[in-house]
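Number of protein chains: 2
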Amino acid sequence: MHAIIMAGGSGTRFWPASRKSRPKQFLPLDNGRPLIQSTVDRVMALAGKDQTWIVTNPDQADGMLEILDGFPPDQIIVEPEARDTAPCVALAAAVIEARDPGATMAVMPADHLIEPVEAFHALLKQGEELAQDNETLVTFGIPPTYAATGFGYIELGNQHDTLGSTFQVLRFREKPDQATAQRFASSNQFLWNSGIFVWNFASLTRAMGGANPKLLAATHAMLDAKQSGNQAALDQAFRACPKTSVDYAVMEKADRVMVIRANFNWNDLGSFAALGVIAEADSHGNIVLNQTDHEALVHQSERCTVYSEGPQTVALFGVQDLIVVNTGDALLVVPRARCEDIKEMIEHLKRSNRQDLL
Amino acid sequence: MHAIIMAGGSGTRFWPASRKSRPKQFLPLDNGRPLIQSTVDRVMALAGKDQTWIVTNPDQADGMLEILDGFPPDQIIVEPEARDTAPCVALAAAVIEARDPGATMAVMPADHLIEPVEAFHALLKQGEELAQDNETLVTFGIPPTYAATGFGYIELGNQHDTLGSTFQVLRFREKPDQATAQRFASSNQFLWNSGIFVWNFASLTRAMGGANPKLLAATHAMLDAKQSGNQAALDQAFRACPKTSVDYAVMEKADRVMVIRANFNWNDLGSFAALGVIAEADSHGNIVLNQTDHEALVHQSERCTVYSEGPQTVALFGVQDLIVVNTGDALLVVPRARCEDIKEMIEHLKRSNRQDLL
Numbered sequence: 001m002h003a004i005i006m007a008g009g010s011g012t013r014f015w016p017a018s019r020k021s022r023p024k025q026f027l028p029l030d031n032g033r034p035l036i037q038s039t040v041d042r043v044m045a046l047a048g049k050d051q052t053w054i055v056t057n058p059d060q061a062d063g064m065l066e067i068l069d070g071f072p073p074d075q076i077i078v079e080p081e082a083r084d085t086a087p088c089v090a091l092a093a094a095v096i097e098a099r100d101p102g103a104t105m106a107v108m109p110a111d112h113l114i115e116p117v118e119a120f121h122a123l124l125k126q127g128e129e130l131a132q133d134n135e136t137l138v139t140f141g142i143p144p145t146y147a148a149t150g151f152g153y154i155e156l157g158n159q160h161d162t163l164g165s166t167f168q169v170l171r172f173r174e175k176p177d178q179a180t181a182q183r184f185a186s187s188n189q190f191l192w193n194s195g196i197f198v199w200n201f202a203s204l205t206r207a208m209g210g211a212n213p214k215l216l217a218a219t220h221a222m223l224d225a226k227q228s229g230n231q232a233a234l235d236q237a238f239r240a241c242p243k244t245s246v247d248y249a250v251m252e253k254a255d256r257v258m259v260i261r262a263n264f265n266w267n268d269l270g271s272f273a274a275l276g277v278i279a280e281a282d283s284h285g286n287i288v289l290n291q292t293d294h295e296a297l298v299h300q301s302e303r304c305t306v307y308s309e310g311p312q313t314v315a316l317f318g319v320q321d322l323i324v325v326n327t328g329d330a331l332l333v334v335p336r337a338r339c340e341d342i343k344e345m346i347e348h349l350k351r352s353n354r355q356d357l358l
Numbered sequence: 359m360h361a362i363i364m365a366g367g368s369g370t371r372f373w374p375a376s377r378k379s380r381p382k383q384f385l386p387l388d389n390g391r392p393l394i395q396s397t398v399d400r401v402m403a404l405a406g407k408d409q410t411w412i413v414t415n416p417d418q419a420d421g422m423l424e425i426l427d428g429f430p431p432d433q434i435i436v437e438p439e440a441r442d443t444a445p446c447v448a449l450a451a452a453v454i455e456a457r458d459p460g461a462t463m464a465v466m467p468a469d470h471l472i473e474p475v476e477a478f479h480a481l482l483k484q485g486e487e488l489a490q491d492n493e494t495l496v497t498f499g500i501p502p503t504y505a506a507t508g509f510g511y512i513e514l515g516n517q518h519d520t521l522g523s524t525f526q527v528l529r530f531r532e533k534p535d536q537a538t539a540q541r542f543a544s545s546n547q548f549l550w551n552s553g554i555f556v557w558n559f560a561s562l563t564r565a566m567g568g569a570n571p572k573l574l575a576a577t578h579a580m581l582d583a584k585q586s587g588n589q590a591a592l593d594q595a596f597r598a599c600p601k602t603s604v605d606y607a608v609m610e611k612a613d614r615v616m617v618i619r620a621n622f623n624w625n626d627l628g629s630f631a632a633l634g635v636i637a638e639a640d641s642h643g644n645i646v647l648n649q650t651d652h653e654a655l656v657h658q659s660e661r662c663t664v665y666s667e668g669p670q671t672v673a674l675f676g677v678q679d680l681i682v683v684n685t686g687d688a689l690l691v692v693p694r695a696r697c698e699d700i701k702e703m704i705e706h707l708k709r710s711n712r713q714d715l716l
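Chains as they are written, first to last, in the working numbering: chain A, 1 to 358; chain B, 359 to 716.
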């Protein structure tokens, strides 16, 4: 089985620590290690060094090679441009199918925390077996621990195996409103969509055929271009892919999707508010992630998160429920309750012509 | 008349922009100019270059000469140590009496905003006349504009002149509680104590005699030491002064004090919350004081104050009523309502062995 790590994040969720050229997966959020490094290690141990791939975009390719010392450069697939997950998945599938026809492929995001690694490996192997069937797309679902509105959900259909961990997918449900999320999370018929998939080229393109013929055509064109070594044609076919997500373009419309209920710990680290899972809070609920020698000073303050890699000591006095991010060139103060909305700040940066900070 | 500028602030109120070695009067808070420079200019135009003095402490003397390019070095009186205002006033009085016996002296803080300068000069001249009487200490009172609890008050006695601007002082009132402040501010019998005084050596020492014989003895010893050029004796006498304020040691107990009601605009810039008087707020009440080229970005935020001289762009998103101070080595976030309490943060720094930040 080949493993494909989708590493093309836009760098907005952890702004200003994350940037276009330094997305979340570059941040040292896994015990001081970059998330991409942890993901590569976790995956390579299963798929092997020669069969581990990274898909990224031109803004991040250089940084990727720098961080991943020793990673095979020709297994870093650089998209001609950042273009959402459907083109990303199609490009990787074409490249791997050209190299190793008929291979099974596991696809996953670069910036999630997953442990223990053994459970992850076992489930992916289970997915590999299911994906041998040329008609089946396999996905992995996370049992909800709260009524999240920031994730898509997978509605379970019939149970497939006797162990109770594999189901037919009845349908994909987009990010729900709060009331719907409550209903989903309290039912045992829904799982969070982890964004991890297993399939082979045949089953993926079969599903594309029914769901998105334009994507299918571009995928076949990329395979042809790769097989004939025509980089210009590959780039052209990539740019012909619809700019959309693989969930929307393929998964939601596919007729043969199976979901495996994950039994590993999973966190997508969606915002600074999630950093509580990787660092211990003090007795007042404050979390300090110092990437410098300057120890932050948090005094008479509650439920604040400091992420500091700038040149200064961060001092909080008498504040509550704030996120403070200190980097070399920008410093953000945002309430914990608003940190999911940081994209609005990014839009403000664009309007203010502050490309230097994107 | 000689002018004495008391410039020995402890640098705590505007921390982290202010420090022990860089107190408030060094900050560029008067249209980008250091307050001490504005004070010197304002005073020198009245007293003349040869009769303008600065009293400061060893931590700040070097910085003072650096900022005040061209100020006569021998008119900077360096206290052997920081020791509150009574020793400061006594030392300056001794030095000036030794140089120019019988001279009148105006004493004032270095870090207040006062304008227009003409009104200030006119009132000081009025004070000079009153202070010709060897028994009279002259002080200046500010008509309260709100029920301040952070200032001492002066209770007015009988009117002295026919213009209605000069009164006998009935008594000094220490910083009141809120209810008392309300009563003081709504009565026309109280003025804020500006900390500006005019007297001569004879009237000052006469008042010391009745109020604080220890201070009187030290003052005479300093005069003798100065007259005989004995620096060691001068230092010793200074250290023998009670470590207390001139208000407490002398003014509150003096029997012949006159107050002149000020008709100039006065602001002591007591904390970051006061910066609204020197910079215009945007339509959401945000005030940005950038001492760098990096324009702060304040988005979806209200009533915040940013003081930035650090290397980064400060970005506020979705916050209210915060003060954010960004310097080269420290970064403070504090609610507007707590910025008068920054001394508690200073204490925390001391307990945390962060002398580097004091």
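A virtual CB, placed ideally from N, CA and C, is assigned to each residue, including glycine.
Check: residue i C-beta below 7 Å from any heavy atom of the ligand SAM
i        : result
A:Gly229 : Among the ligands in the structure shown, none appear at all, so the ligand SAM cannot be discussed.
Which of helix, strand or coil DSSP assigns to residue i
i        : result
B:Ala688 : strand
B:Asp469 : coil
A:Gly229 : coil
B:Glu424 : helix
A:Leu27  : coil
A:Leu170 : strand
B:Tyr511 : strand
B:Ser544 : helix
B:Ile394 : helix
B:Pro693 : strand
A:Asp250 : Contrary to the premise, residue 250 of chain A reads as Val rather than Asp in this sequence. It is coil, neither helix nor strand.
A:Met345 : helix
A:Leu269 : coil
B:Gln658 : coil
A:His220 : helix
B:His360 : strand
Min CB distance residue i to chain A below 8 Å
i        : result
B:Val646 : no
B:Arg696 : yes
B:Pro430 : no
B:Pro374 : yes
Within chain B, the residues that residue i reaches when beta carbons sit closer than 7 Å
i        : result
A:His299 : Met703, His706
Proximal residues of chain B, C-beta to C-beta of residue i below 8 Å
i        : result
A:Ile342 : Phe675
Neighbour list for residue i in chain A, Cβ cutoff strictly below 8 Å
i        : result
B:Asn684 : Gln312, Leu331
B:Pro693 : Gly318, Val319
Chain B within 8 Å of residue i, Cβ atoms only
i        : result
A:Leu275 : no
A:Leu322 : yes
A:Pro58  : no
Interface partners of residue i on chain A, CB under 7 Å
i        : result
B:Ser710 : Leu297
B:Leu385 : Neighbours of B:Leu385 on chain A: none; closest Cβ ~18 Å, over 7 Å.
B:Leu721 : Any property of residue 721 of chain B remains undetermined from this structure, which presents chain B solely from 359 to 716.
Whole-angstrom C-beta distance between residue j and residue i, which should lie under 8 Å
i        : j        : result
B:Pro409 : B:Ala361 : One detail in the question is off: residue 409 of chain B reads as Gln in this sequence, not Pro. 7 Å between Cβ atoms; contact.
B:Ala591 : B:Ala576 : B:Ala591 to B:Ala576, Cβ: 11 Å. No contact.
B:Arg377 : B:Leu716 : 6 Å
A:Ala7   : A:Ala110 : 4 Å
A:Pro335 : B:Gly676 : 5 Å
Span separating the alpha-carbon of residue i from that of residue j
i        : j        : result
A:Asn265 : A:Glu347 : 33 Å
A:Ile96  : A:Leu297 : 50 Å
A:Asn263 : B:Leu690 : 43 Å
B:Gln517 : B:Arg614 : 14 Å
A:Glu135 : A:Ser186 : 32 Å
A:Ser203 : A:Ser194 : 20 Å
A:Trp192 : A:Pro144 : 6 Å
A:Lys350 : A:Ile5   : 29 Å
B:Ala639 : B:Ala631 : 12 Å
A:His299 : A:Val107 : 44 Å
A:Gln182 : A:Ala147 : 5 Å
A:Val324 : A:Cys339 : 10 Å
B:His300 : B:Glu513 : There is no way to answer for residue 300 of chain B, as the model of chain B reaches only from 359 to 716.
A:Glu295 : B:Thr671 : 21 Å
A:Thr327 : A:Gly127 : 41 Å
B:Gly421 : B:Ser586 : 29 Å
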